[in-house]
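Engineer: Okay, so the sequence shown: first residue is 10 according to the numbering used here, each after it adds one. The beta carbon of each residue, even a glycine, is placed where N, CA and C say it ideally should be.
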Amino acid sequence: ALRSSGPAAPRPPQPRARRPPGPVARARGPPMSRLRVGPEASPVAEEDGAGGGSAAGREPDNGVPDTGHRRYAPAWCSSRWLRPLLCLFIGCGRPPEMTERQWTVVSAVTAAGFFSHFDDDLLPLCLRQLQSSLDIPEAQVCLLLSLIGTGRAGAAVMSILADVVGRRYVFFASIVVFTLCSVLSAVQRSLWGFAGLQLAARIFLAGKDSMANVYLVEETDPTTRGWVMGTYSSVAVTGGGFAVILFGIVGGLKDGWRYLYGLAAVQLIFLAPLWRRLPEKTRGSMGSAGCKDGGKSGGGGDVCDGNGVGHAQRQPGWRARWETALWGGIRPLRLLVTAYPRRAAACLFVNFNNGFALTPSVVMKIKHLQDAHGMSPRGVSVLAISSGLVALVIFPLLGRLSDSKGRRLLLCAVMTACPIGVLAFYNAPGNTYLPFYILQMMGGFALNVLQTTFFSETFPASHRCTAQGMMMLCAVVGGVTGLACESFLYTTVGSHARAVSVVLLPAFVSPIVVHCCLPETAGKDLDEIAPEREEGGGKAGAESIELLEAPKGAAVPRKSSSGPMVI
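1. Cutting at 6 angstroms between CB atoms, please list the residues of its own chain near I538, excluding the five before and the five after it.
2. If I measure Cβ to Cβ from H126 and keep anything under 7 angstroms in the same chain, skipping five residues before and after, which residues do I get?
3. Excluding the 5 residues preceding and the 5 following F361 in the sequence, name in chain order all residues of the same chain whose CB lies nearer than 7 angstroms to its CB.
4. When we look at the beta-carbon of P104 and count the other beta-carbons within 10 Å, is it buried (16 or more) or exposed?
5. Going along the chain, which residues of its own chain have a beta-carbon closer than 8 angstroms to the beta-carbon of K414, five neighbours each way excluded?
6. Below 9 angstroms between beta carbons: does that hold for C494 and F365?
7. What are the boundary residues of the alpha helix (DSSP H) that includes A204?
8. What is the rounded straight-line gap between the Cα of A215 and the Cα of D128?
9. Quick test of your reading: V512 and G491, contact by CB under 8 angstroms. State the CB separation rounded to the nearest angstrom.
10. Is the separation between the beta-carbon of L134 and that of L154 shorter than 9 angstroms?
11. Quick check on DSSP: helix, strand or coil for M384?
12. State the beta-bridge partners of Y81 as determined by DSSP.
13. Does the region 449 to 468 come within contact of the region 200 to 209, defined as at least 3 CB pairs closer than 8 angstroms?
14. Taking G430 as the reference, give the member of I339, R343, V502, Q449 with the closest Cα.
15. What does the Cβ neighbour count give for G235, buried or exposed, with the cut at 16 atoms within 10 Å?
16. Consult DSSP for G175 and reduce its assignment to one of helix, strand or coil.
17. Output needed for V346: all residues of its chain with C-beta closer than 7 angstroms, excluding positions within five of it in sequence on either side, in chain order.
18. Assign S385 to buried or exposed, taking buried as 16 or more other Cβ atoms, counted over all protein chains shown, within 10 Å of its Cβ.
19. Quick check: what's the CA-CA separation for V53 versus V223?
20. Ignore the nearest five residues each way along the sequence and tell me which others in V489's own chain have a CB closer than 7 angstroms to its CB.
21. Sort S411, A281, V389, A274 by Cα distance to F187 and report the nearest one.
22. Answer yes or no: do L280 and A164 have a C-beta to C-beta separation smaller than 9 angstroms?
23. Out of S183, Y178, Q197, L514, which one is the CA nearest neighbour of D144?
24. For I554, count neighbouring Cβ atoms within 10 angstroms of its own Cβ and tell me buried if that reaches 16, exposed if not.
25. For S142 and P528, I'd like the C-alpha separation in whole angstroms.
26. Tell me whether D264 is buried or exposed, calling it buried when 16 or more other Cβ atoms sit within 10 Å of its Cβ.
27. Where in the region 440 to 474 do unbroken runs of the alpha helix (DSSP H), each at least 4 residues long, occur, reported from the N-terminal end onward?
28. Can you round the beta-carbon distance between S510 and Y435 to whole angstroms, since I take them to be within the 8 angstroms contact cut?
29. Exposed or buried, Y81, counting other C-beta atoms within 10 Å across all chains shown (16 or more means buried)?
30. Taking DSSP as the reference, what is the three-state secondary structure of A353?
31. Here's the rule I'm using: 16 or more other beta-carbon atoms within 10 Å means buried, otherwise exposed. How should I339 be labelled?
32. With distances taken between CB atoms, is the gap from P428 to L367 smaller than 9 angstroms?
33. Under the three-state reduction of DSSP, which class applies to S6: helix, strand or coil?
34. Taking DSSP as the reference, what is the three-state secondary structure of R484?
35. Since M220 and F180 should fall inside the 8 angstroms C-beta cutoff, what is the C-beta to C-beta distance between them, to a whole number of angstroms?
36. To the nearest angstrom, how far is it from the Cα of A79 to the Cα of M107?
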């Protein structure tokens, strides 16, 4: 029965609840601005506790901290005492501000690059001493170099393993193995023993370089990526500079090359503490993953490797584990061919062509200085260091220019200028070769920085490491072919300078292919440059999400083709 209408009875006053003494316990739920959407996020909002939190707010893999959104530049970068020296590596301007996680990754990868370039530059430096110590005929020098250079083809296998097994493990395993091979090379007395160990060392050295490029590209922001790659290259080349300095000191000794190769063991002392500083999954690979648990195994279901590849939890049988690893390794290769076929074909061709044209000139230039111009090891050291200091300044400068003016245009200009400098260096009469030596060195440095950054940005995170490995494989095959052609032409024309000049001519085709077939990448997010695509060619991930209308500032629900509407 309805009560009779009338004035409502006044409600008795309620006692106001008092706040209990002590700190207020706040709920652990995330604010609306941190809700993640799309197939890469869990339907349940992430929490700050055991659930993880955002990619910037949680402590990621293996104890690599990321202190929220706080960005800074280290104080030592602005020190007036260190600034004159640091300007050779980081440029004359103020370094960009990055998070603690980004500075940690950049520092660890850059330190590894310093030592790897020290080992890599020893072979062309000690080539003449190796000839006399191991009795290598003149006509077989380029054949030996081509045999050792084939080891870089192993970067493709190492990169696929990094996409499947994990990048941190493969990265540091590569460092340990190529260090051991370099140390054992110092005690070899036979040509084939030295060649075999150097072949194995090149496999793991190239794999380490490929993963270093991927780490830096995926961890850094679009506005700082060029600067980071330039700084990494300048520090890495400094490792080669130390090899040149030590070559000037002990290169004149009978077995001086053995001491230089034995010094490779020192790097393990410095790189061992960096094991825990690198994350297993980079921010770019985590952003492209399609697993709901962010790449970690939960109580059941699938486990994601951080690159969008789902794997079943560990099976008891070895056959199931091998099948999982096999299919996980084939998938990045299949995506490389089907996702962006035009880009893949252009990048592979340019790497093969540049390897064919430029590799003979790189490995023969120190020998050319000693044979054609009569330079001693000490004179080579002085020339390389003085010209290298001039060329070092170009690394951060080119990085900043590529961030602001565009990488594709700058890369095409460098690809045209570099072979011109090499031609002038090998054919200049008398002492007029000195400015062209500096020009070709600066061109080679610039080409290394721009090409590495540009090609790494062109592919999605799901197969970026695999693409790096395949491009290095093509460069190795091209380099081996170029060295073999140079050796054949040497027997015909009777001069290494003429043979190198003939092999160099196809290099002028590469800038045309880059300008016509590849997109501009400067200032763009990696997902914008190369969004993830399904194996059938359609877009997946962020591109498959359709935005719905919502008030400004509200949490936006999205409709995903791969699942229900989530917030």
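Structural biologist: Let me lay it out:
1. By one-based count along the sequence shown, residue 538 stands at place 529. Cβ within range, chain order: E466, T530.
2. Indexing the sequence shown from 1 puts residue 126 at position 117. Closer than 7 angstroms at the Cβ level, and outside the excluded window around H126, lie A245, V246, G248, G249.
3. Here residue 361 is taken as the residue at index 352 of the sequence shown, counted from 1. Counting only Cβ-Cβ distances below 7 angstroms, and skipping sequence neighbours, we find C483, A484, V486, G487.
4. Translated into positions along the sequence shown, residue 104 becomes position 95. P104 is buried by the Cβ-count criterion.
5. What you label residue 414 is simply residue 405 of the sequence shown in a count that begins at 1. Excluding positions up to five away in sequence, the list reads A531.
6. Within the sequence shown, residue 494 is the residue found at index 485, counting from 1. Within the sequence shown, residue 365 is the residue found at index 356, counting from 1. Inclusion of C494 and F365 in the CB contact set at 9 angstroms is warranted, their separation being smaller than that value.
7. Position 195 of the sequence shown, counted from the first residue, corresponds to residue 204. In this chain, the alpha helix (DSSP H) harbouring A204 covers 200 to 228.
8. Numbered from its first residue, the sequence shown carries residue 215 at position 206. Numbered from its first residue, the sequence shown carries residue 128 at position 119. Taking the straight line joining both Cα atoms gives about 12 angstroms.
9. For the purposes of this step, residue 512 is identified with residue 503 of the sequence shown, where counting begins at 1. For the purposes of this step, residue 491 is identified with residue 482 of the sequence shown, where counting begins at 1. The C-beta distance from V512 to G491 rounds to 5 angstroms, short enough to meet the 8 angstroms contact threshold.
10. For the purposes of this step, residue 134 is identified with residue 125 of the sequence shown, where counting begins at 1. For the purposes of this step, residue 154 is identified with residue 145 of the sequence shown, where counting begins at 1. No Cβ-Cβ contact shorter than 9 angstroms links L134 with L154.
11. Here residue 384 corresponds to residue number 375 of the sequence shown, with the count starting at 1. M384 carries a coil assignment under DSSP once its states are collapsed to helix, strand and coil.
12. The count along the sequence shown starts at 1 and reaches residue 81 at position 72. As a beta-bridge residue in DSSP terms, Y81 pairs with M107.
13. Per the Cβ contact rule, the region 449 to 468 is not in contact with the region 200 to 209 (fewer than 3 Cβ pairs under 8 angstroms).
14. As a first step, residue 430 must be located in the sequence shown, where it is residue number 421. If we check each option's Cα against that of G430, Q449 comes out closest.
15. Position 226 of the sequence shown, counted from the start, is the residue given in the question as residue 235. Buried.
16. Along the sequence shown, one-based indexing puts residue 175 at 166. Of the three classes helix, strand and coil, the one that applies to G175 here is coil, per DSSP.
17. Translated into the one-based positions of the sequence shown, residue 346 becomes position 337. Once the five neighbours on either side are set aside, the close Cβ partners of V346 are A353.
18. Here residue 385 refers to the residue found at position 376 when the sequence shown is read from its first residue. Classification for S385: exposed.
19. Taking the sequence shown and counting its residues from 1, the one referred to as residue 53 is at position 44. Taking the sequence shown and counting its residues from 1, the one referred to as residue 223 is at position 214. The pLDDT assigned to V53 is 35, lower than 50, so where the model puts this residue is not dependable; a value taken from the coordinates is nonetheless given after this. Going from the Cα of V53 to the Cα of V223 covers about 31 angstroms.
20. By one-based count along the sequence shown, residue 489 stands at place 480. These residues qualify, in order along the chain: S155, G158, T159.
21. Locating residue 187 in the sequence shown gives position 178, where the first residue counts as 1. The option with the nearest alpha carbon to F187 is A274.
22. Along the sequence shown, read from residue 1 onward, the residue named residue 280 stands at position 271. Along the sequence shown, read from residue 1 onward, the residue named residue 164 stands at position 155. No, the pair does not count as a contact, with Cβ atoms beyond the cut-off.
23. For this step, residue 144 is matched to residue 135 along the sequence shown. Comparing Cα positions, the closest option is Q197.
24. Here the question's residue 554 lines up with position 545 in the sequence shown. In this predicted model, I554 has a pLDDT of only 36, less than 50, meaning its place in the structure is not dependable enough to derive any value.
25. For this step, residue 142 is matched to residue 133 along the sequence shown. For this step, residue 528 is matched to residue 519 along the sequence shown. If I take the Cα positions, the gap works out to 49 angstroms.
26. Position 255 of the sequence shown, counting from 1, holds the residue named residue 264. D264 is exposed by the Cβ-count criterion.
27. Listed in chain order, the complete alpha helix (DSSP H) runs (minimum 4 residues) inside the region 440 to 474 are 442 to 466.
28. To locate residue 510, count along the sequence shown from 1; it is residue 501. To locate residue 435, count along the sequence shown from 1; it is residue 426. Rounded to the nearest angstrom, the Cβ distance from S510 to Y435 is 6 angstroms, consistent with a contact under 8 angstroms.
29. Your numbering for residue 81 matches position 72 in the sequence shown. Exposed, because fewer than 16 other Cβ atoms sit within 10 Å of the Cβ of Y81.
30. By 1-based counting over the sequence shown, the position of residue 353 is 344. Looking at A353 - three-state DSSP - the assignment turns out to be helix.
31. Residue 339 sits at position 330 when you count from the first residue of the sequence shown. Classification of I339: exposed, given that the 10 Å Cβ count is below 16.
32. The sequence position of residue 428 within the sequence shown is 419, counting from 1. The sequence position of residue 367 within the sequence shown is 358, counting from 1. Taking 9 angstroms as the cut-off, the Cβ atoms of P428 and L367 count as close.
33. Residue 6 lies beyond the stretch modelled for the chain, which goes from 10 to 576, so this question has no answer here.
34. Position 475 of the sequence shown, counting from 1, holds the residue named residue 484. Residue 484 is actually Ala in this sequence, not Arg. In the three-state reduction of the DSSP assignment, A484 falls in the helix class, which pools H, G and I.
35. As a first step, residue 220 must be located in the sequence shown, where it is residue number 211. As a first step, residue 180 must be located in the sequence shown, where it is residue number 171. The Cβ separation is near 5 angstroms, so the contact holds.
36. As a working note, residue 79 is residue 70 in the sequence shown. As a working note, residue 107 is residue 98 in the sequence shown. This sequence places Arg at residue 79; Ala is not what is there. Rounded to the nearest angstrom, the two C-alpha atoms are 8 angstroms apart.
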